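Working notes, structure below.
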Amino acid sequence: MRILVDADGCPVVNEVIQSGHKLGVPVLLICDTAHVMERPGAETITVSKGADAVDFVLVNHMDKGDIVVTQDYGLAAMVLARGGYVIDQNGYEYTNDNILGMLERRHLAKKIRQAGGRMKGPKKRSKEANQHFQQKFEHLVFRLQNKEFI
1 MRILVDADGC PVVNEVIQSG HKLGVPVLLI CDTAHVMERP GAETITVSKG
51 ADAVDFVLVN HMDKGDIVVT QDYGLAAMVL ARGGYVIDQN GYEYTNDNIL
101 GMLERRHLAK KIRQAGGRMK GPKKRSKEAN QHFQQKFEHL VFRLQNKEFI
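full-length UniProt numbering numbers the first residue of the sequence shown as 1 and each following residue consecutively.
Following this line, the structure appears as structure tokens:
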């Protein structure tokens, strides 16, 4: 098992690396040239900028049973299809049972924006949100390491 992070704009990269180190799971950060990052305790792959470039590289590097951290529903759907596990920056786990509804809501929001409507953006990120993520993330990793609920 490895942890792969869609690192472009991910607010919990440090928490993922810290948890991966604590739980003995290697971390791979994947970002494009607009978000280059090197962090101790993680391997980094930097790809050329382009629509979904990071997503396709990440999916091609993942193996069944890996954990992916992303807020991208489309990437989450591809990871689930390949037998991976997905969690977002808020600690919400994407599953085969909830991904279709999320993709439908994303499509509806896009239609509203294209018609000139506005959607409310996310609240400012708090330290407590990062701590909540880390707790949920470590629980997921621990659960998978111990083969519970799989």
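The beta-carbon is built from N, C-alpha and C at its ideal position, and this holds for glycine as well.
Note that the structure is a prediction, hence the values are computed from the model and not measured.
Residue state for residue 32 is assigned as strand, using DSSP reduced to three classes. Ranked by Cα distance from residue 18, the options 31, 3, 32 are led by 3.
A Cβ-Cβ contact shorter than 9 Å links residue 142 with residue 23. In the DSSP assignment, residue 86 falls outside any alpha helix (DSSP H) and within the unbroken beta strand (DSSP E) covering 85-87. In this structure, the straight-line span from the alpha carbon of residue 115 to that of residue 5 is close to 33 Å.
About 11 Å separates the beta carbon of residue 57 from that of residue 8, a gap too long to meet the 8 Å contact definition. The secondary-structure analysis by DSSP pairs residue 44 across a beta bridge with 29. Sequence-distant partners of residue 112 (beyond 5 residues in either direction) whose C-beta falls short of 7 Å from its own C-beta, in its chain, are 119. The region 69-76 makes contact with the region 97-109, as at least three CB pairs between them are under 8 Å.
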